[in-house]
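For reference, the structure is listed below as structure tokens.
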Amino acid sequence: MKNFILITAAGIVAVISVATFGALASSNLAFDYAWLIPISLVIYGVAGFAISKYAGLIYAPILGAIVGLVDSTIGWFIAWKIGPGNPTVEADSVIIISTIAMVLLLSVVVSTIGGVTARFLRQGN
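Here you go:
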């Protein structure tokens with residue numbers, strides 16, 4: 075359980091850091107904030123890999139859901155307040171909920187892929 079908490083916390087810190095520093099960089103350097111999506115995907119995958127290695131594969135999608143939920147709510151809120159996270163269309167509740175759901179689904183899938191990769195590599199040794 076300790077490993078789950080530590081790895082989940084590391085994933086949360088990583089996605090919040092990307093949201094914060096990425097939003098600041100995007101605002102100041104005038105690049106599209108969406109270019110940072112691959113970094114979030116790497117975080118989900120690495121976190122899923124790590125949790126599977128140290129706590130078991132079953133924890134990878136759970137961790138992915140937690141980190142993805144934080145990324146799609148708190149991370150998006152931070153980016154929204156800084157500037158580049160503002161949607162290009164008016165964000166009603168349907169758009170917000172749909173975005174959160176898509177990020178959540180993506181984070182679960184990618185973290186599970188990371189977890190399966192760790193398990194596959196462990197069996198290969």
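Under our numbering, the first residue of the sequence shown is numbered 75, with each subsequent residue one higher.
For every residue, glycine included, the Cβ atom is placed at its ideal position computed from N, Cα and C.
Just so you know, these numbers come straight off a predicted model, no measurement behind them.
Separation of residue 148 from residue 174, as counted between CA atoms:
Residue 148 has its alpha-carbon roughly 11 angstroms from the corresponding atom of residue 174.
Do you know how far the Cα of residue 197 is from the Cα of residue 145?
For residue 145 and residue 197, the distance between alpha carbons rounds to 31 angstroms.
Give the straight-line distance between the Cα atoms of residue 133 and residue 122, rounded to the nearest whole angstrom.
Their Cα atoms are separated by approximately 8 angstroms.
Could you tell me the boundaries of the alpha helix (DSSP H) in which residue 124 lies?
Element bounds for residue 124: 111 to 128.
Are the segment 125 to 143 and the segment 151 to 159 touching by the rule of at least three beta carbon pairs closer than 8 angstroms?
Segment contact: the segment 125 to 143 against the segment 151 to 159, fewer than three CB-CB distances shorter than 8 angstroms; contact not assigned.
With the cut-off set at 9 angstroms, would you say residue 181 and residue 142 are in Cβ contact?
Their beta carbons are under 9 angstroms apart, which means residue 181 touches residue 142 by this criterion.
Checking contacts by CB at 9 angstroms: is residue 126 closer than that to chain D?
Among the chains of the structure shown, chain D does not appear; only one protein chain is present.
Can you list, in chain order, the residues of its chain whose CB lies under 6 angstroms from that of residue 96, leaving out five sequence neighbours each side?
For residue 96, the CB contacts under 6 angstroms within the same chain, skipping 5 residues up- and downstream, are 110 in chain order.
Since residue 189 and residue 131 should fall inside the 8 angstroms C-beta cutoff, what is the C-beta to C-beta distance between them, to a whole number of angstroms?
Under the criterion of beta carbons closer than 8 angstroms, residue 189 and residue 131 qualify as touching, at roughly 5 angstroms.
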